[in-house]
């Protein structure tokens, strides 16, 4: 089948074209749906650590207090979930991934990363998608601690890709010289997940 | 590739959630939109109906999988949503979706109030092997509201193949009138009504008989609102269900 086929009688919501809304998405407005397939872990900040390893000169693990002492930065903007909701103007606070990566000194051969959740969830990203001020370890949402059901105490935040890439309960990042599909990617999702190109499923 | 850091050894996540997907998903099928023709609408409750579609090219699915449904307006505007499949895998050439009429729901509203038999929509899928149940392991199913839909696909699969593997379904609804598939449950199911009869939500004592000595090694499937998913999954963990054998589908 080529383009979409019109559905008899379907008019859709009253709408104005919103240039901030990628194709196939709708504005979730006040909702922030929770979409995770695992049991929410009871993870205190005292138990949380963040490790960056793999193809780096100096693998390193940060404790919560050490991570909090790093230069903070914020993201304010839109989030797009593959399940078709988008949410405008979300505010997250945390530390840029650049800060962590600079500290471990990536090997020039590193091209991809796999993000690890405390639960064992994984997701893969090109290194270029998490450097240059495009990704954070987020600790706060709207000036409050990130709720555990949304990945607190710390989640990855890669707002320019579909939200399943922003792994909840983040505890590690491994640098690789190849792409290695993560959890949903092994389950049929797209390797990169760019909302503006509707990269939802493998083959899109 | 196993990356080993000499200083601290390989990185191991503290828990083992990232079990491989149960099912190898056909990426090609998931990428293709197919035409689906509405053949029947059945009322389940005052606000929930089952929509049956003929999809001649449907390659089949596994109980618990979902699909994406797309509607297109005359001006090219599209709306798409994920829905769980209610029908069992072997309902040849047909699929069924059971949808609540959500307040202001753009897609569910259209299907409930405008769509009629003979209309065509588009679907792609089946999607995601994670929540799928192939019928191979004992299944403990906990659903609330329309969260029961993918679980009913599992019950139907279990019945149609007369599977010997144990299966238990706990389904929570506000009232008997709100209970989806109320007439279709058998001995495998325990309905829990929160606003009439027992008037309480799913509790550990409902589930405890499933966890005694000699109980099956369950694969647990939880589906419902986020609040229900949090409540039910914590209860399972407290009863001793391993976290890596709890699969959750949340309806935001």
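Protein chains in written order, with full-length UniProt numbering: chain X, 1 to 204; chain B, 1 to 252.
Even glycine gets a Cβ: it sits at the ideal position worked out from N, Cα and C.
Keep in mind the model is a prediction, meaning the values are calculated, not measured.
Any chain X beta carbon closer than 8 Å to residue i
i	result
residue 95 of chain B	no
residue 2 of chain B	In this prediction, residue 2 of chain B scores a pLDDT of 37, lower than 50, which makes its location untrustworthy; the coordinate-derived value is nonetheless stated afterwards. No, no contact with chain X.
residue 173 of chain B	no
residue 233 of chain B	yes
residue 70 of chain B	yes
residue 119 of chain B	yes
residue 129 of chain B	yes
residue 82 of chain B	yes
residue 39 of chain B	no
residue 198 of chain B	no
residue 110 of chain B	yes
residue 221 of chain B	no
residue 122 of chain B	yes
residue 139 of chain B	no
residue 103 of chain B	no
The beta strand (DSSP E) enclosing residue i, as first and last residue numbers
i	result
residue 139 of chain B	139–144
residue 98 of chain X	From DSSP, residue 98 of chain X is part of no beta strand (DSSP E) but of the alpha helix (DSSP H) over 97–104.
residue 126 of chain X	122–126
residue 136 of chain X	136–141
residue 51 of chain B	48–54
residue 99 of chain B	94–100
residue 66 of chain B	66–72
residue 199 of chain B	Run containing residue 199 of chain B: none; DSSP gives neither H nor E here.
Chain B within 8 Å of residue i, Cβ atoms only
i	result
residue 39 of chain X	yes
residue 201 of chain X	yes
residue 36 of chain X	yes
residue 15 of chain X	yes
residue 4 of chain X	yes
residue 8 of chain X	yes
residue 12 of chain X	yes
residue 26 of chain X	yes
residue 129 of chain X	no
residue 187 of chain X	yes
residue 204 of chain X	yes
residue 63 of chain X	no
residue 214 of chain X	Because residue 214 of chain X is not part of the residues shown, which for chain X are 1 to 204, the question remains open.
residue 1 of chain X	Confidence at residue 1 of chain X is low in this model, with a pLDDT of 48, below 50, so the placement of that residue is unreliable and no value is reported for it.
Per-residue DSSP class, three states only, for residue i
i	result
residue 124 of chain B	strand
residue 199 of chain X	coil
residue 10 of chain X	coil
residue 243 of chain B	helix
residue 191 of chain B	strand
residue 174 of chain B	coil
residue 251 of chain B	strand
residue 183 of chain B	helix
residue 73 of chain X	strand
residue 6 of chain B	Residue confidence for residue 6 of chain B is low, a pLDDT of 34 falling below 50, so the modelled location carries little weight; the figure read from the coordinates is stated next. The answer is coil: DSSP assigns residue 6 of chain B none of H, G, I, E or B.
residue 36 of chain X	coil
residue 150 of chain X	helix
residue 165 of chain X	helix
residue 34 of chain B	strand
residue 78 of chain X	strand
residue 186 of chain X	helix
residue 204 of chain X	coil
residue 265 of chain B	Nothing about residue 265 of chain B can be reported from this structure: the residues present for chain B run from 1 to 252 only.
Presumed contact (8 Å Cβ cut-off) between residue i and residue j, rounded CB distance
i	j	result
residue 101 of chain X	residue 52 of chain X	7 Å
residue 92 of chain X	residue 32 of chain X	Incorrect: roughly 12 Å between the Cβ atoms, too far for contact.
residue 80 of chain X	residue 4 of chain X	With a Cβ gap of about 20 Å, residue 80 of chain X and residue 4 of chain X do not count as contacting.
residue 65 of chain B	residue 125 of chain B	7 Å
residue 150 of chain B	residue 223 of chain B	6 Å
residue 94 of chain B	residue 52 of chain B	6 Å
residue 56 of chain X	residue 98 of chain X	Residue 56 of chain X to residue 98 of chain X, Cβ: 14 Å. No contact.
residue 154 of chain X	residue 170 of chain X	5 Å
residue 88 of chain B	residue 156 of chain B	4 Å
residue 153 of chain B	residue 251 of chain B	So it is not a contact: roughly 15 Å between Cβ atoms.
residue 36 of chain B	residue 120 of chain B	7 Å
Residue interval of the alpha helix (DSSP H) (run including residue i)
i	result
residue 87 of chain B	Looking at the DSSP string, residue 87 of chain B is not in any alpha helix (DSSP H), and its letter there is neither H nor E.
residue 226 of chain B	226–238
residue 112 of chain B	106–113
residue 160 of chain B	148–160
residue 62 of chain B	Run containing residue 62 of chain B: none; DSSP gives neither H nor E here.
residue 67 of chain X	64–68
residue 207 of chain B	204–207
Contacts that residue i makes with chain A (C-beta to C-beta distance below 7 Å)
i	result
residue 149 of chain X	Included in the structure are the protein chains X and B, with no chain A among them.
* Do the stretch 129–144 of chain B and the stretch 108–116 of chain B meet, that is, are 3 or more Cβ pairs less than 8 Å apart? -> no
* Sufficient close CB pairs (3 or more, under 8 Å) joining the stretch 113–131 of chain B to the stretch 190–198 of chain B -> no
* Check whether the stretch 104–119 of chain X touches the stretch 50–66 of chain X, taking contact to mean three or more Cβ pairs, one atom from each stretch, closer than 8 Å. => yes
* Asked: Is the stretch 65–79 of chain X touching the stretch 156–173 of chain B in the sense that three or more CB pairs, one from each, lie closer than 8 Å?
  -> no
* To do: Take every Cβ of the stretch 223–242 of chain B, pair it with every Cβ of the stretch 175–188 of chain B, and state whether three or more of those distances are shorter than 8 Å.
  => no
* Decide if the stretch 141–154 of chain X is in contact with the stretch 24–42 of chain X; the criterion is three or more beta carbon pairs, one per stretch, under 8 Å apart. => yes
* Do the stretch 218–232 of chain B and the stretch 12–31 of chain X touch if we need at least three Cβ pairs shorter than 8 Å? -> no
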